[in-house]
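Written below as structure tokens is the structure these notes are about.
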Amino acid sequence: MALLEWPADLPPKVRADGFERVMPDLIKPSRMAAGVTLTRPIALAGEQTISCMIRGDRGLLARFDRFFLVETGNGARPFLMRDQLYDGVPLFAPMGGALTTPDDEPIAISFWRLVRFTPASRPATAKRPAR
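What follows is the structure, given as structure tokens:
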């Protein structure tokens, strides 16, 4: 079964004012009888929690609902989405100039994330959609 992708007819970028990324806490403190608390890693990687908003009309809301309810099975299936911070950012050489192809096209980062809806925070409609 192939992975789903974020639909092309939904906005590729989310709103900046509703975007929040929380890094996972992968450090475990160990209390000592005296002195400084020691810390050690409990894992090398973990899930990042990302909150975001998109804005649109009723048609866009209906498309998102179809993606969430039908295509991801009420949020159960993961999907691929372009990274909101790094995807499309041009690469630069150590001396400061942009890296380009032989045709002088800038080379940009292509960064996809494997995303899933979390059961604790289901999608919600903040306000009545615009007409």
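So for the sequence shown, our numbering puts the first residue at 6; every next one is plus one.
Glycine included, each C-beta is placed from N, C-alpha and C at the ideal position.
Taken atom to atom, the span from the alpha-carbon of I112 to that of R87 is near 16 Å.
Secondary structure note for L43: it is in no alpha helix (DSSP H), and the uninterrupted beta strand (DSSP E) holding it is L43 to P46.
In the DSSP assignment, S35 forms a beta bridge with L43. For L31 and P16, the gap between their C-alpha atoms comes out near 32 Å.
For R68, DSSP records no beta bridge to any residue. Taking the C-beta atoms as reference points, P83 is found no nearer than 8 Å to L43. When rounded, the separation of the alpha-carbon atoms in I114 and D62 is 31 Å.
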